[in-house]
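Encoded as structure tokens, the structure appears first; notes follow it.
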Amino acid sequence: MMSSLNSITDLRSVGFGQSVPEYSLCLLHWFATTVDFDNNNIILLTFDPNRGDYGSHRYRNDEQLLDPLPRGYRYYTVGNIYQDASLELPDYVVESDIEESNRARIIIRVRGRNAVRTIDQVYITQHYEPYEARGTEYDPQHTYRVTTCLLRVLRKFSLHLNNINSLALRNRVHDSQLSEIRNMWGDLACKGICYMFFNKKNVLINNKYYMKTQ
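Quick note on the numbering used here: the sequence shown kicks off at 2 and runs consecutively.
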């Protein structure tokens with residue numbers, strides 16, 4: 002049975018940077034802050050996957066990774082960093098994938114083909130490791146359903162440098178640490194903070210470790 006990710010605790014339990022690429026975490030955060038929600042908590046699609054926006058394309062579910070589609074729905078994958086598109090993924094997502102072989106993807110189930118299209122299911126998944134020689138298939142052992150609740154939580158955590166002093170973060174990182182992270186990581190400072198917050202990793206900054214594992 003496929004696991005669901007409903008909270009930050011669930012997200013931490015997945016093991017980003019171990020069995021799951023760290024790139025997946027940045028991709029998932031980007032997605033949460035890109036889509037919209039209506040007053041009924043329904044996810045609204047804000048880009049065109051048929052046009053290839055953000056490395057997206059139709060997913061036919063040939064390996065039966067997910068449930069069969071109801072009438073009027075389509076699956077799409079999002080997150081191919083090498084796919085040319087008019088709308089591209091931000092640098093903090095693309096540059097986090099340097100050593101991950103472009104494996105992580107988000108799969109969305111979309112209803113409607115007109116002006117208003119909604120998403121009723123979201124998954125985070127990944128291609129098999131290159132040495133496994135499984136082509137473009139996705140690994141069911143590392144495929145997770147992402148709930149609307151988790152997406153809303155992720156939206157509250159900003160990875161933009163000028164919004165880096167969010168309340169949730171400031172309970173864990175001091176001003177001096179933030180300054181050192183900016184100096185060391187540069188444009189990818191948001192990535193370093195992302196790992197610290199969600200993974201509780203030890204991050205080495207100027208020979209000092211912050212965010213010790215609890």
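All residues carry an ideal CB built from backbone N, CA and C; glycine is no exception.
Per DSSP, the continuous beta strand (DSSP E) segment holding THR78 begins and ends at 74-79.
By DSSP's assignment, HIS58 forms a beta bridge with THR78. Between LEU90 and GLY53, the CB-CB gap reaches or exceeds 8 angstroms.
By the C-beta density criterion, TYR60 is buried, having at least 16 other C-beta atoms within 10 angstroms. In the DSSP assignment, ALA86 falls outside any alpha helix (DSSP H), carrying neither H nor E. Secondary structure note for VAL111: its beta strand (DSSP E) is the uninterrupted segment 105-112. Counting of Cβ neighbours within 10 angstroms places LEU45 among the exposed residues, the total staying below 16.
Per the Cβ contact rule, the region 30-48 is in contact with the region 107-127 (3 or more Cβ pairs under 8 angstroms). SER8 sits exposed, since fewer than 16 C-beta atoms from the chains shown fall within 10 Å of its C-beta. Remark: C-beta atoms of ILE107 and LEU29 approach each other more closely than 8 angstroms.
In the structure shown, PHE32 falls within a helical segment according to DSSP collapsed to helix, strand and coil. Looking at LEU67, THR10, ASN103, the one whose alpha-carbon comes closest to that of ARG146 is LEU67. DSSP, reduced to helix, strand and coil, places ARG146 within a strand of the structure shown.
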